[in-house]
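Student:
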Amino acid sequence: MSLVVPAVLPSSREDLAQKLALLTAIPPVSRIQIDVVDGRLATPASWPCAAPEEFQAMVARGEMLPALEHVAYEIDLMCFDPLVKAGPWLAFGATRLTLHAESAPDLPALLAAARNQYGSLVSLGLALTIGADLSLVRPCLGEIEYVQFMGIATNGRQGEPFDERVLQKIERFRKLYPALPFQVDGGVSLTNAPKLLALGASNLIVGSAILRAENPTAAVAAFDALQGSYSV
């Protein structure tokens, strides 16, 4: 299984289809994250939040995400009302949902509702911004399978610079919750990946460093090559 989880921030239906076709053809890729940005919790709005009618038409046609036989899909819900947004993606074949701490005033209730609605077939994760308090994690421990640390100061955009403050946050987290898996999303590069792996990251969510690479397959391989040298 690949250490790297490529991330797609779609600007249109066609953009999503093109990027998924590229990524699902890279043999080590076993999971892909799709970012859903509503334009309120984070900006700018991504597809399909910017074109809900088109999305609903796809749902009505019973369309599915590609390559489900060897790729698992994770939906990063940077939006309010995340469970409303999640439903169609699960119908498309997604099996993992990342919910952001700022998306609801009562996180334990939100996660309990998600678990009650979707059962054990869907993995739930909690995303924390650099400024979020780690105390948010403890009330959610019974429902989440992982934590996602945002490595950038401004969420919802690819190509943002990595914020080194997340490293100290992860160090504190590891002392508090040594057995809880975590992944890092935003600003991940071959330069900072060794530090993240040394801190115990189970996965690296990588967007622009793969999709903007001259050779995306080689970019994935370069990240995966770090696993044995730096991971714990």
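Each position in the sequence shown, counted from 1, maps to that position plus 659 in this note's numbering. Built from N, CA and C at the ideal position, the CB exists for glycine as well. Since the model is a prediction, treat every value here as computed from it, not as a measurement.
(1) Should the stretch 773–783 be regarded as contacting the stretch 747–756, the criterion being three or more beta carbon pairs within less than 8 Å?
(2) Pull up the CB-CB distance for Val688 and Val879, whole angstroms please, since I reckon it's below 8 Å.
(3) I'd like to know if the stretch 790–805 and the stretch 829–843 are in contact, where contact means that at least 3 CB-CB pairs between them fall below 8 Å.
(4) Return the CA-CA distance between Glu761 and His729, expressed in angstroms with no decimal places.
(5) Determine the burial state of Val605: buried for a count of at least 16 other Cβ atoms within 10 Å of its Cβ, exposed for fewer.
(6) Select from Glu713, Tyr732 and Ala772 the residue whose C-alpha is nearest the C-alpha of Pro741.
(7) Starting from the C-beta of Ala716, find all residues in its chain whose C-beta is less than 6 Å away, skip the five residues before and the five after it, and write them out in chain order.
(8) Do Gly845 and Glu819 have their beta-carbon atoms positioned less than 8 Å apart in this structure?
(9) Need the endpoints of the beta strand (DSSP E) that Ile693 sits in, please.
(10) DSSP three-state label for Arg699, please.
(11) So what does DSSP say about Ala869, is it helix, strand or coil?
(12) Entirely within the stretch 812–851 and at least 4 residues each: give me those alpha helix (DSSP H) ranges in chain order.
(13) Report back the beta-carbon spacing between Gly815 and Val696 to the nearest angstrom; my notes put them in contact at under 8 Å.
(14) Starting from the C-beta of Ala881, find all residues in its chain whose C-beta is less than 7 Å away, skip the five residues before and the five after it, and write them out in chain order.
(15) Taking the alpha helix (DSSP H) that Thr683 falls in, what are its first and last residues?
(16) Please identify the residue among Phe821, Ala857 and Gln842 whose C-alpha is closest to the C-alpha of Ala664.
(17) With C-beta atoms as the reference, is Leu885 less than 8 Å away from Leu856?
(18) Which one of Arg699, Ala710 and Lys678 has the shortest CA to CA distance from Ile693?
(19) Compare the C-alpha of Pro725 against each of Arg699, Ala701, Ser705 and Leu675 and name the closest.
(20) Between which residues of its own chain and Pro707 is the CB-CB distance below 6 Å, once the five residues before and five after are set aside?
(21) Less than 8 Å between the beta carbons of Ile734 and Ala750, yes or no?
(22) Starting from Glu733, trace the beta strand (DSSP E) both ways and give me its first and last residue.
(23) For the beta strand (DSSP E) containing Ala791, list its first residue and its last residue.
(24) Ser705 and Pro764: beta carbons closer than 8 Å?
Tutor: Inspection of the coordinates gives the following:
(1) yes
(2) 6 Å
(3) yes
(4) 32 Å
(5) Residue numbering for the chain in the displayed model covers 660 to 891; residue 605 lies beyond these limits and cannot be assessed.
(6) Ala772
(7) none
(8) Contact: yes.
(9) Arg690 to Val696
(10) When DSSP states are grouped into helix, strand and coil, Arg699 belongs to the coil group.
(11) According to the sequence as given, residue 869 is Ile; it is not Ala. Secondary structure at Ile869: helix, using DSSP grouped into helix, strand and coil.
(12) 824–835
(13) Cβ atoms of Gly815 and Val696 come within 8 Å of each other, at about 4 Å.
(14) Leu849
(15) Arg672 to Thr683
(16) Residue identity differs from the one stated: residue 664 is Val in this sequence, not Ala. Of Phe821, Ala857 and Gln842, the residue nearest in Cα terms is Gln842.
(17) yes
(18) Lys678
(19) Leu675
(20) Phe714
(21) no
(22) Ala731 to Met737
(23) First-last for Ala791: undefined, no H or E at that position.
(24) no
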